[in-house]
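What follows is a short report on a single structure.
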Amino acid sequence: MTRIQDKDKLYTFLRPYVDWTFRLSYRHFQLVGRENIPTDGAYIYAPNHTNALCDAMAILGIDHQRKVFVARADIFRKPKQAKLLNWLKIMPIKRVRDGLDEVRKNDETINNAVATLREGVPFCILPEGTHRTKHSLLPLSKGIFRIALQANDEFGAEKPVYIVPVGLEYGDWFHLWNNLTVNIGKPLNVTEFVQTHADLDRPQLILAMRDELTQRMHQTFLWVPDDEDYDTNWERLKANPPAPFDRFKERRVPKWALLLYLVLLAPLFAVSAALTIPLWAMWLYICRKVADPAFHNSVQYVWQTVYYPLTLFTAIPFWMFVQEYVYQFRRFKP
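FYI, in numbering that gives the first Met the number 0 the residues of the sequence shown are 0 to 333.
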């Protein structure tokens, strides 16, 4: 019987292309903190969740290793869809919003996650449980800690278990052609944490680990407390972002220079737009049909990844220019 963590020839063949098209979707992309990925044990990636499928794609593209993910269980209801998701190495997980009785049915997913980790395949769970376009962090769900602790119970004596916080910082949540920083933080050594907190029972241990991971995740992206001063604090932080996010700090360009750029390159934009009608027409359709704007990027990414080969990749330079032109146009607007 094929297991979700097993190698698949078609998956392995397509994987480099998928990673490449994802990076090609961003104007600037940087990966920071690769040295923080553990080399001596099993580990679970724990990223913040602000951009639907793109968050998982960012984690997948960290390196060339296979990775197994979880997603909300309701999208697995249709058999064909569930089969596709399983092929994509995504497992279902029940959330608190599904009801406590449903959450108790997660034992199979937890067991499969532990088996994945035992075999050295990285696992990823977005511990907030839902996406939100804000530079803050929702309370972390307990599922990630249950998986980590069970893995530690089963093979922690052989190799340590880690949770690796990852900060995903997007320049724009609603337009692909922008900036993305993937910042890998200092891992939480679960095996060591359990040993040093031997006086705590299981529920207390989970709460202590949640507090520790929350603090570590705060340090991986431009985190702002979600309070009444959120907007003011965000504007202040955005104006003077710390490293490594300062690389993409918005630089002011004179309006006349942007206007000159837009006017001189308008003919090329018209030609490029004509040659990429299916891409931007689908983008407009997505914006009309997909209610949650946080999903727009994800659907657009999937569509352009499918579309590029249909044009023998000839549409790529024209599409990149269309996106760059629109990006500069958005900057020109007051």
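Yeah, the Cβ is synthetic: ideal placement off N, Cα and C, and Gly gets one too. Note that the structure is predicted; figures quoted are calculated from it, not measured.
DSSP, read as helix, strand or coil, puts Tyr25 in coil. Annotated three-state conformation of Gly128 is coil, per DSSP. Between the region 146-154 and the region 163-171, the count of Cβ pairs shorter than 8 Å is below three; the stretches do not touch.
If only uninterrupted alpha helix (DSSP H) runs of at least 4 residues are considered, those enclosed by the region 128-177 are 142-154. Contact annotation: His130 and Thr49 have beta-carbon atoms nearer than 8 Å. Taking 8 Å as the upper bound for CB-CB distance, Ser135 and Val270 are not in contact here, some 43 Å apart. Across the set Phe75, Glu118, Arg330 and Val113, the C-alpha of Arg330 shows the shortest separation from the C-alpha of Leu258. Counting C-beta pairs with one atom in each stretch, the region 28-42 and the region 77-86 have fewer than three that are closer than 8 Å, which means they do not touch.
A distance below 6 Å between beta-carbons, with the five flanking residues on each side excluded, links Ala51 to the following residues of its chain, in chain order: His130, Ala293, Phe294 and Ser297.
Contiguous beta strand (DSSP E) elements confined to the region 11-57 occur at 27-31 and 41-46, taking only those with 3 or more residues. For Thr115, DSSP records no beta bridge to any residue.
Counting only the Cα atoms, Pro240 lies some 34 Å from Ile146. Judged by their CB atoms, Pro121 and Gln64 are nearer to each other than the 8 Å cut-off. Secondary-structure assignment with DSSP links Ala70 through a beta bridge to Pro91. DSSP, reduced to helix, strand and coil, places Phe320 within a helical segment of the structure shown.
Rounded to the nearest angstrom, the gap between the Cα atoms of Gly32 and Thr219 is 10 Å. The three-state reading of DSSP puts Asn182 in strand, counting E and B together.
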